[in-house]
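**Q**
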Amino acid sequence: MSKTKVLVVGGTGYLGQHLLQGFSEIQGTPYDVAFTYNSFPPQPLLDAFPHSLAFHVDLKTGLGFDSISHQFGQPDVLVNCAALSVPRACEKDPAAATSINVPTSLVQWLSSFTQNQNTLLIHLSTDQVYEGVKSFYKEEDEAVPVNVYGQSKVAAEQFISEKWPNFAILRSSIIYGPQTVSPVPKSLPVQWMDGVLSKGDKVEFFYDEYRCPVYVKDIVTIILTLIDKWLSEGKKMQLLLNVGGPDRISRVQMAETVAQIKGYDSSLIKSVSASTVDRGVMSPADISMDITKLVQTLNFSPTPFKDGVTLTLASEANS
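In my numbering, the protein residues as written are 137 to 455.
1) Reducing DSSP to helix, strand and coil, say where Gln374 ends up.
2) Skipping 5 residues on each side, what residues in its chain have a beta carbon closer than 7 Å to that of Ile355?
3) Taking Leu360 as the reference, which of Leu143, Gly158 and Lys139 has the closest Cα?
4) For Asn216, which three-state DSSP category applies?
5) Mind checking whether Gly331 and Thr448 have CB atoms under 8 Å apart?
6) If we count the other Cβ atoms within 10 Å of its Cβ and call it buried at 16 or more, is Pro319 buried or exposed?
7) From which residue to which residue does the alpha helix (DSSP H) around Leu434 run?
8) Taking the beta carbon of Ala231 as the centre, do at least 16 other beta carbons fall within 10 Å, making it buried, or is it exposed?
9) Starting from Arg307, follow its DSSP beta bridges and name the residues at the other end.
10) Buried or exposed: which applies to His187, given that a residue is buried once 16 or more other Cβ atoms fall within 10 Å of its Cβ?
11) Tell me, to the nearest whole angstrom, how far the beta carbon of Leu155 is from that of Val144; I am working on the premise that it is less than 8 Å.
12) For the ligand FAD, any of its heavy atoms closer than 7 Å to the Cβ of Glu227?
13) So for Phe342, helix, strand or coil by DSSP?
14) Candidates Ile258, Phe272, Val142 and Ser247: which alpha carbon is nearest Pro382's?
15) Is the region 276-294 touching the region 331-348, taking contact as three or more C-beta pairs under 8 Å?
16) Under the three-state reduction of DSSP, which class applies to His154: helix, strand or coil?
17) The alpha helix (DSSP H) with Ile296 in it runs from where to where?
18) Return helix, strand or coil for Lys322, following the three-state DSSP convention.
19) Are the Cβ atoms of Ile423 and Tyr266 separated by less than 8 Å?
20) By how many angstroms is the C-alpha of Tyr343 removed from the C-alpha of Ser407?
21) Note down the Cα distance separating Gly149 from Val215, rounded to an integer number of angstroms.
22) Tell whether a beta-carbon distance below 8 Å holds between Thr172 and Val193.
23) From the DSSP output, read off the bridge partner residues of Lys141.
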């Protein structure tokens, strides 16, 4: 039996690395895995996951996809984790946000395999597609993003659903969890909170911005479950899912959870309104998500925030 070929686009990013790890831990290695990178050297990942192939790809131009065609061939599954995901950076350079976040070159490349338009494209979107004026958004609610990042991700969703027949789009909330094999340069939310609170200084956190933070290993499980579902059912998918954790919480509540688990003084946590800080970009107030469809479609129960934070901090202590 031939193995299922999986290509992880953006394999050196936070989720990408956790995904490569998830594939490497599956018994019996039913997958051939390759990944793309752009700015970060893949060597630590090739050392950690020696059975994976790495390809340098520029998503803006599509340079590098040809070498994947020649050396790896058409993937059965492509997971697109690549994005310009810092809202302020997107606001400053909307053209770059669009050229990276709307996967034009990627879908063009998939379309070049003319015999078979069957690759399952799993694409990571964001909760920032929602306007943020109510609680528990559902997938069918109108997407009215308030910033360039959200706009570029809505454009990507529309592009994929119009141009590619077989897809699952995952609207992810804030992703948190353990550090990666090759540490990522951006600060990780739980580790950052742990770091600032451990110093014993007062820190300001927003009390009026709500999210459903999702544990990174849950997203890996969701992606693996989607692939299994597609392989076993054998029919094209056109799926849009909210991917959040089970808790609607503010940054203050996130920090309080970290403080509680680590025994820090919770009076260090100073509640402030998001409106008091100019971040150079509009930020939606409440983009908590209803995840009923995710739970029912994949028969999946996500990790509560407190449990995910406990696991994250335990892994930091052991590393």
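All residues carry an ideal CB built from backbone N, CA and C; glycine is no exception.
**A** Taking the definition as stated:
1) As a working note, residue 374 is residue 238 in the sequence shown. Three-state result, Gln374: strand.
2) In the sequence shown, the residue the question calls residue 355 occupies position 219. For Ile355, the CB contacts under 7 Å within the same chain, skipping 5 residues up- and downstream, are Leu151, Ser308, Ile311 and Val379 in chain order.
3) Taking the first residue of the sequence shown as 1, we reach residue 360 at position 224. Leu360 has its Cα closest to that of Gly158, out of Leu143, Gly158 and Lys139.
4) Here residue 216 is taken as the residue at index 80 of the sequence shown, counted from 1. Three-state result, Asn216: strand.
5) Here residue 331 corresponds to residue number 195 of the sequence shown, with the count starting at 1. Here residue 448 corresponds to residue number 312 of the sequence shown, with the count starting at 1. Cβ atoms of Gly331 and Thr448: not closer than 8 Å.
6) The residue labelled residue 319 in the question sits at position 183 within the sequence shown. Classification for Pro319: exposed.
7) As a working note, residue 434 is residue 298 in the sequence shown. Secondary structure note for Leu434: its alpha helix (DSSP H) is the uninterrupted segment Thr428 to Leu434.
8) Position 95 of the sequence shown, counted from the start, is the residue given in the question as residue 231. By the 10 Å Cβ count, Ala231 comes out exposed.
9) One-based indexing of the sequence shown puts residue 307 at position 171. Per DSSP, the beta bridge partners of Arg307 are Ser261 and Asn378.
10) Position 51 of the sequence shown, counted from the start, is the residue given in the question as residue 187. By the beta-carbon neighbour count (other beta carbons within 10 angstroms, threshold 16), His187 is exposed.
11) Reading the sequence shown from its first residue, position 19 is the one you call residue 155. Reading the sequence shown from its first residue, position 8 is the one you call residue 144. A Cβ-Cβ separation of about 5 Å places Leu155 in contact with Val144 under the 8 Å criterion.
12) Among the components modelled here there is no ligand, and therefore nothing to report on the ligand FAD.
13) As a working note, residue 342 is residue 206 in the sequence shown. Phe342 falls in the strand class under three-state DSSP.
14) Taking the first residue of the sequence shown as position 1, residue 382 is located at position 246. With distances taken between Cα atoms, Pro382 lies closest to Phe272.
15) No, because fewer than three Cβ pairs between the region 276-294 and the region 331-348 fall closer than 8 Å, the two stretches do not touch.
16) Here residue 154 is taken as the residue at index 18 of the sequence shown, counted from 1. If DSSP states are grouped into helix, strand and coil, His154 belongs with the helices.
17) The count along the sequence shown starts at 1 and reaches residue 296 at position 160. Val284 to Lys299 is the span of the alpha helix (DSSP H), which, as asked, contains Ile296.
18) The residue labelled residue 322 in the question sits at position 186 within the sequence shown. If DSSP states are grouped into helix, strand and coil, Lys322 belongs with coil.
19) Residue mapping note: residue 423 aligns to position 287 of the sequence shown, counting from 1. Residue mapping note: residue 266 aligns to position 130 of the sequence shown, counting from 1. For Ile423 and Tyr266, yes; Cβs fall inside 8 Å.
20) Residue mapping note: residue 407 aligns to position 271 of the sequence shown, counting from 1. Residue mapping note: residue 343 aligns to position 207 of the sequence shown, counting from 1. Roughly 6 Å separates the two Cα atoms.
21) Residue mapping note: residue 149 aligns to position 13 of the sequence shown, counting from 1. Residue mapping note: residue 215 aligns to position 79 of the sequence shown, counting from 1. For Gly149 and Val215, the distance between alpha carbons rounds to 12 Å.
22) Within the sequence shown, numbered from 1, the residue matching residue 172 stands at position 36. Within the sequence shown, numbered from 1, the residue matching residue 193 stands at position 57. Yes, the Cβ-Cβ distance between Thr172 and Val193 is below 8 Å.
23) The residue you call residue 141 lines up with position 5 of the sequence shown. According to the DSSP secondary-structure assignment, Lys141 is paired through a beta bridge with Asp168.
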